[in-house]
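Read through the structure below, which is laid out as structure tokens, and then see the notes.
Residue numbers (my numbering): 26 to 136.
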């Protein structure tokens with residue numbers, strides 16, 4: 026029990042970098058491998074979350090105790106919210122026109 030508590034008290038920058046890298050590659054795999062547009066959008070959100078973890082971790086573990094990483098993370102969160110709202114609006118519009126959300130079947134981007 027004390028070993029587990031000791032482990033959680035000694036979480037450092039490498040642990041956050043490993044977590045962030047893992048999340049980024051999971052998101053990248055979703056973007057590259059999935060055909061569903063909603064799954065692709067979710068993969069992009071996972072990648073943005075991994076970037077936020079990196080920003081906060083570097084802000085905490087670097088020498089200068091400033092809030093630059095936190096401010097950038099808030100900016101990324103706002104950007105992700107805007108991206109999701111625009112992306113879902115586009116997906117709904119495409120679904121109304123083509124009756125599918127599969128990226129391979131949506132090949133008519135012309136008028």
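Where is the CB? At the ideal position from N, CA and C, for every residue including glycine.
Quick caveat, the model's predicted, so the values are computed rather than measured.
Check                                                                                                : Outcome
Helix, strand or coil at residue 35 according to DSSP, with G and I counted as helix                 : coil
Under 9 Å between C-beta atoms of residue 103 and residue 94                                         : no
For residue 70, the first and last residue of its enclosing alpha helix (DSSP H)                     : 62-86
Beta-carbon gap between residue 80 and residue 98 smaller than 9 Å                                   : yes
Cutoff 6 Å; reference residue 66; Cβ partners in own chain excluding five residues on either side    : 112
Per-residue burial, residue 96 [other beta carbons within 10 Å of its own, 16 or more giving buried] : exposed
Where residue 127 falls: helix, strand or coil (DSSP)                                                : strand
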